[in-house]
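Trainee: Residue numbers (my numbering), protein chains in the order written: chain A, 706 to 1059; chain B, 414 to 806.
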Ligand SMILES: Cc1cc2nc3c(=O)[nH]c(=O)nc-3n(C[C@H](O)[C@H](O)[C@H](O)COP(=O)(O)OP(=O)(O)OC[C@H]3O[C@@H](n4cnc5c(N)ncnc54)[C@H](O)[C@@H]3O)c2cc1C
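1. Against chain A, does residue 653 of chain B count as a neighbour if the rule is that its beta carbon must be under 8 Å from one of theirs?
2. Kindly indicate if chain B contains any beta-carbon less than 8 Å away from that of residue 843 of chain A.
3. Would you say residue 797 of chain B reaches chain A, if we count a Cβ-Cβ gap shorter than 8 Å as a contact?
4. Among A:951, A:744, A:800, whose alpha-carbon lies nearest the alpha-carbon of residue 792 of chain A?
5. Please list the residues of the region 762-793 of chain B that have a C-beta atom closer than 8 Å to any C-beta atom in chain A, keeping them in chain order.
6. Whole angstroms is fine: what's the gap from residue 826 of chain A's alpha carbon to residue 744 of chain B's?
7. Tell me, please, whether the region 969-982 of chain A touches the region 909-924 of chain A by the rule of three or more beta-carbon pairs shorter than 8 Å.
8. Using 8 Å as the threshold, is the region 1009-1016 of chain A in touch with the region 906-915 of chain A, meaning 3 or more CB pairs across them?
9. Taking C-alpha atoms, which residue in A:988, A:916, A:725, A:883 lies nearest to residue 1055 of chain A?
10. With residue 884 of chain A as the anchor, note down where its beta strand (DSSP E) starts and where it stops.
11. What does residue 656 of chain B touch in chain A if you count any residue whose Cβ is under 9 Å from its own?
12. Check whether chain A comes within 8 Å of residue 693 of chain B, counting only Cβ atoms and requiring the distance to be less than that.
13. If you run the structure through DSSP and keep just helix, strand and coil, what is residue 758 of chain A?
14. With a threshold of 8 Å between beta-carbons, can residue 812 of chain B be considered close to chain A, or not?
15. Under a three-way DSSP split, which group does residue 946 of chain A fall into?
16. Anything in the region 581-615 of chain B with a Cβ closer than 9 Å to a Cβ of chain A? List those residues in chain order, please.
17. To the nearest angstrom, how far is it from the Cα of residue 848 of chain A to the Cα of residue 834 of chain A?
18. Please list, following the chain, all residues that have a C-beta closer than 6 Å to any non-hydrogen atom of ligand 1.
19. Quick one: does residue 1022 of chain A have its CB under 8 Å from some CB of chain B?
20. Taking 8 Å as the CB-CB cut-off, is residue 745 of chain A touching chain B?
21. Could you tell me the alpha carbon to alpha carbon distance between residue 471 of chain B and residue 1004 of chain A, rounded to whole angstroms?
22. Could you list the residues in the region 1040-1054 of chain A with a C-beta less than 9 Å from some C-beta on chain B, going in chain order?
23. Which chain D residues sit within Cβ distance under 9 Å of residue 795 of chain A?
24. Does any residue of chain B have a CB that is nearer than 8 Å to the CB of residue 1017 of chain A?
25. Compute the Euclidean distance between the alpha carbons of residue 513 of chain B and residue 779 of chain B, then round it to the nearest angstrom.
26. By DSSP's criteria, residue 573 of chain B is part of a beta bridge. Which residues make up the other side?
27. For residue 742 of chain A and residue 597 of chain B, what's the separation of their Cα atoms in angstroms?
28. Is it true that the region 758-778 of chain B meets the region 787-799 of chain B, where meeting means three or more beta-carbon pairs spaced less than 8 Å apart?
29. Is it buried or exposed for residue 483 of chain B, if we count other Cβ within 10 angstroms and need 16 for buried?
30. Rounded to the nearest angstrom, how far is the Cβ of residue 975 of chain A from that of residue 997 of chain A, given a contact under 8 Å?
31. Please list, in chain order, the residues of the region 621-648 of chain B that have any C-beta partner in chain A closer than 7 Å.
32. Span of the beta strand (DSSP E) holding residue 892 of chain A?
33. Strictly under 8 Å for the Cβ-Cβ distance: is residue 749 of chain B near chain A by that measure?
34. Step through the CB atoms of chain A and report whether any lies within less than 8 Å of the CB of residue 756 of chain B.
35. Along the region 671-699 of chain B, where does the CB come closer than 9 Å to a CB of chain A? Name the residues.
36. Which residues of chain B have a Cβ atom closer than 8 Å to the Cβ of residue 886 of chain A, listed in chain order?
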């Protein structure tokens, strides 16, 4: 794996330390449990903390008030947030801000960095495709169409259109929002735009922003999966049946080691893609990201299935923490696009590169 | 809890088995379409007793609450094939599942091992909806290793005195009766000292605590027994001989879970979802769908073979595990495909009363415990390896 520069390593150490402002060091999930199923499913106070730490501007240029840190740094936080089941729409905010920066849309960036305005990307038009230009059209300066599965609780939507980026406030006339609750206790929204007047900001880097967001999300998934795996290993050591810890049964040992294999592959693929991105490498970058995200998606699904199975009935209760992880993985594994779509995309890029 | 009785009010049943499948199907369809009460269809969770009671009543009055019981005991006397038709029609219409532990588990057990007095007392009460039963086997320390159970029952004059705890009791809060495995001989070897007891859940000393599940429903329960006294007669079979009967019941449960209906339902959801969101046209998806559809059809064939064997009175033995393992894992694979196809909508939690026909996450969650209850997949594979393949321990 390419070496990370020293200052990146130091940044990551500092970020990891300060992350305890949001993710308790003792691993407590009390806040997470309590915030579930109450709109918007996260805490605006915690959001202000994220802003004060400067994390919302992690990837933004300094001239815009950002920290201009690398993908590796953002990845470190993403993994920690995944392990801590953080419900605040941190990753979608980074995505939205990168779109806004790329489109030179100056409105709202400042207030978004200060935490006053939450911006969510509205990029997907059907729930299983990578189609940022899909679902909407702009006619005579008005936005028509629909986007799906947008993070809830946003004040402004950054809508990707065939013409560029449109910023639509959540109270715009002609905007219909269908709110959906998710099994992990968060909410998402399907949006419908009916002739909403809007300014279009040309943006050539939508794909780049989308792929970076996908990669960071792979880290989030890996963080969630890894902690769920740790909890499961702990249970395998503790739980006794037939006068032995269930972790002593080979049937379970072999499956646990398979998770370990997938976890290591996932970590390596994610870190390599992050290094490529930070190093400015463009060749095969998209393929590396698709690979990383696909691996992490598969890992998430594997861990959800095995964690539930290896816990027996207790894993099917709301009381046991492992259930929080299973439901988070259920919700997150399908974000962006399911693995079979990522693989299809990978194949078309592979053909093109050959 | 007292449940006022439903009284059967219908002419004697014809021999349904003598009808053609199509003719019987038409009878069932007509009945369901005209008599299903005003309660939810395609519910995404088990309905609770007050919610499902009207449907239980309709079935009880029609004499259809116990499809597989013999006609002379108040059942429909259906053979396995006709029973499948009945289930298919109920599910096609989206009928709620009634509380069926009494008809599916306890009834057949009493017919085989109960005394005449027990049969005369309990069977009609099940048919009339007066007794709703729950299964009290598992304990916090006794899951896969059921024989490690620690709940005890001691004889004190004319009563058994029960102390201990059961857990994961499905719909326990709706039941007024539970059948409970308890240790009646502490000195005996694990399996040898266990008895099968019938316990009213409103007896003094019984506490029922609901447990919320992953779907957010309080469907299963813990039940605590604090020196609960029940009449000495409330034992099925002989003292210390409960284990064999308990295992026999698990055999029934495994055929039940091994039936293709859960996977069939999930596959039709997958088709509906894929047709709705474009995946249906995708050749890659179609390939995976075809694999699942073939698995389901093969499972149907295997199920039929086993059911034929049961019909002729032969036993299936440990091989019944094959059905249960394959069905439950297929159900899970289909549910995971549903999650893939649903993409970023996969985690949606249906609103109360929502239509479950496109519910990916609900199906995914419902499929989880089928590889755990009624014998976990892992433990059943262990049993198969030894009992069916004769591999050494
Ligand atoms: C939804 C639901 C409803 C239920 N309803 C009822 C009910 O109505 N009445 C009732 O009595 N019980 C009920 N149960 C309990 C069920 O019977 C138990 O969950 C089951 O017996 C498994 O026990 P456990 O949960 O303690 O898991 P454990 O036995 O602790 O098993 C944990 C994991 O270890 C694995 N394992 C255990 N032993 C071995 C081994 N030797 N080799 C390899 N792997 C092994 C298991 O397969 C499982 O994956 C229900 C359970 C669920 C989930």
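C-beta: ideal position from N, C-alpha, C; glycine also.
Mentor: Taking the structure as given:
1. Not one chain A Cβ lies under 8 Å of residue 653 of chain B.
2. Not one chain B Cβ lies under 8 Å of residue 843 of chain A.
3. no
4. The shortest CA-to-CA distance from residue 792 of chain A to any of A:951, A:744, A:800 is the one to A:744.
5. 762, 764, 774, 777, 778, 781, 782, 784, 785, 786, 789, 790, 791
6. 35 Å
7. Yes, the region 969-982 of chain A touches the region 909-924 of chain A.
8. The answer is no - the region 906-915 of chain A does not touch the region 1009-1016 of chain A, with fewer than three Cβ pairs under 8 Å.
9. Selected option, being the one with the closest Cα: A:988.
10. 880-886
11. Annotation: residue 656 of chain B has no Cβ neighbours in chain A at a cutoff of 9 Å; minimum Cβ distance is about 16 Å.
12. no
13. coil
14. No answer is possible for residue 812 of chain B: it lies beyond the span of chain B, which begins at 414 and ends at 806.
15. In this structure, residue 946 of chain A counts as strand in the three-state DSSP scheme.
16. 581
17. 21 Å
18. In chain order, the hits are A:944, A:946, A:947, A:951, A:954, A:956, A:957, A:1014, A:1015, A:1017, A:1018, A:1021, B:548, B:549, B:550, B:551, B:556, B:557, B:581, B:582, B:583, B:633, B:782, B:785, B:786, B:789, B:791, B:792, B:795.
19. yes
20. With 8 Å as the cut-off, residue 745 of chain A does not count as an interface residue toward chain B.
21. 48 Å
22. When C-beta distances to chain B are compared with 9 Å, the residues of the region 1040-1054 of chain A below that value are 1040, 1041, 1042, 1043, 1044, 1045, 1046, 1048, 1049, in chain order.
23. Absence of chain D from the displayed structure is noted, the protein chains being A and B.
24. Output row for residue 1017 of chain A: interface = yes.
25. 18 Å
26. B:568, B:643
27. 46 Å
28. The region 758-778 of chain B is not in contact with the region 787-799 of chain B.
29. exposed
30. 5 Å
31. 624, 625, 626, 627, 629
32. 892-902
33. yes
34. yes
35. 690, 691, 692, 695, 697, 698
36. 761, 762, 764
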